[in-house]
Every structure is written in structure tokens, then in C-alpha cells.
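First residue of the sequence shown: 13, per our numbering; consecutive thereafter.
Glycine included, every Cβ here is placed at the ideal spot set by N, Cα and C.
Here's the structure, in C-alpha cells; my notes come after.
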Amino acid sequence: MITRALGAAALVLVALVLRAPLEALPLTHVLVQLPMLALAGAVLAPALALGRGDWNRGGWACLIVAGAGIAFWMLPRSIDAALSDPLWEIGKFVSLPLLVGLPLHLGWARAHPLLRGVLKAQVLSMLGVLAFLYTHAPVRLCNAYLVEDQHRLGLGFLALALALAASWVAPLIFPRAAPRAGLLPRERIA
Numbered sequence: 013m014i015t016r017a018l019g020a021a022a023l024v025l026v027a028l029v030l031r032a033p034l035e036a037l038p039l040t041h042v043l044v045q046l047p048m049l050a051l052a053g054a055v056l057a058p059a060l061a062l063g064r065g066d067w068n069r070g071g072w073a074c075l076i077v078a079g080a081g082i083a084f085w086m087l088p089r090s091i092d093a094a095l096s097d098p099l100w101e102i103g104k105f106v107s108l109p110l111l112v113g114l115p116l117h118l119g120w121a122r123a124h125p126l127l128r129g130v131l132k133a134q135v136l137s138m139l140g141v142l143a144f145l146y147t148h149a150p151v152r153l154c155n156a157y158l159v160e161d162q163h164r165l166g167l168g169f170l171a172l173a174l175a176l177a178a179s180w181v182a183p184l185i186f187p188r189a190a191p192r193a194g195l196l197p198r199e200r201i202a
């Protein structure tokens, strides 16, 4: 438990110490710092005795909370506010680990494989739409960043979507060889 708490604290501390360079570009702000903060909550999740009750049957409750948190921090207005208002910045550092990473880990562990597949498809489609939006919008979506930076973020969303799709499809195309149970080594024919 202490190791997990230290790991989560280290991730938050790295995100805090590197705050200025990570927030200088939307690509690193959205695709590095925000996931790093969510990962801090996911690292901490197994150490806590949460999400195991009947209230989280199938992981639905936790996944809904995580989905709402992701939807909130996906808005350009939220990103702008986190850059300009210290209270929003504090909210980002608190809400991403506790309302995205932690519940996502707790809900994912209990989710049915079909639900996991639907959520993976949703993530890919969401990243594709964001990639299109950020690369084709003629105006700035985030007031804190330039249009060129916004375009690079869109390309980053596209690259992330392709990488996730490849990593999720690869085990289906190239399955691991499972050891056969109950087979004895070949006996010598004499």
C-alpha cells in the first residue's frame, strides 16, 4: 500500500514540478500531464478497499464517474481555465487522480468484456473526432494556445488513436500461444 501511495505521489509531484514545460504546449498538456495525473489515481486504486461493494456491480458506477471526469477535462474551456485560474489548476490536480484515474481502474476491473470493448471503441471514435476537430477548426478552440499548436494536438490525438487501436487489435491477430494442459511429453516409440 505504501509503495502504491508513493508511486501515485511521485506521479503527481512530477506533473507538478514539470508543470510549466508540460503546460507550454497543448500536446504535452493534454496528452502527457492529464494522463499522468489520471495514472496517479489508477496506481493508488488497488491499495484502497473501494469499488468492491454491490454498488459498483459490473463497474458501472465507477466508470460513469470516470467518464464524466474525462468529458469535463476534454473541453477546451476547462483546459483554458486550468491555465489561467489557480483554483482550476488545483481542481485539475485533485480531480484527475480521484475522479478519473481511481474510478476508471476500479470500474475497469469489474467491467464485463463486452462493456470494455464498447468503451474502447468509444475512446477510439472520440479521439478520431477530436483529431478532426483540432486539425480542421479554422479558429482557436483553446484561447491559451496558437492554432498551429492546436493542429499538432489534433495530430497527437490521431497518433494516439492509431497506437491504441494497434495495441488492442494486435492480441487478436497475433495471439499468444497458450500452454496445453494435460498433455504428456511424447513417449518414445521402441
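CA-CA distance, R64 and L114?
13 Å
Q. With a Cβ-Cβ cutoff of 8 Å, do L49 and F105 count as a contact?
A. yes
Does the beta-carbon distance from I91 to V42 come in below 8 Å?
-> yes
A175 versus P98: straight-line alpha-carbon distance, rounded: 33 Å
Discussion item. Let me make sure I understand the geometry here. Which of I14, V44, P125 and A123 has the alpha-carbon closest to that of L60?
Written reply: I14
Item checked: Reference F169, options M86, V130 and A94, closest by Cα -> M86
- [ ] Please classify P38: is it buried, with 16 or more other beta-carbons within 10 angstroms of its beta-carbon, or exposed?
- [x] buried
Indicate whether P58 and R16 have their beta-carbon atoms separated by less than 8 Å. yes
In the structure shown, what three-state DSSP assignment does G65 receive?
-> coil
Query raised in the report: Is the beta carbon of L153 sitting closer than 8 Å to the one on P88?
Result: yes
key: Outcome for N68 when other beta-carbon atoms lying within 10 angstroms are tallied against a minimum of 16   = buried
Rounded distance between the beta-carbons of L118 and L62, thought under 8 Å | 6 Å
Under a three-way DSSP split, which group does Y157 fall into?
coil
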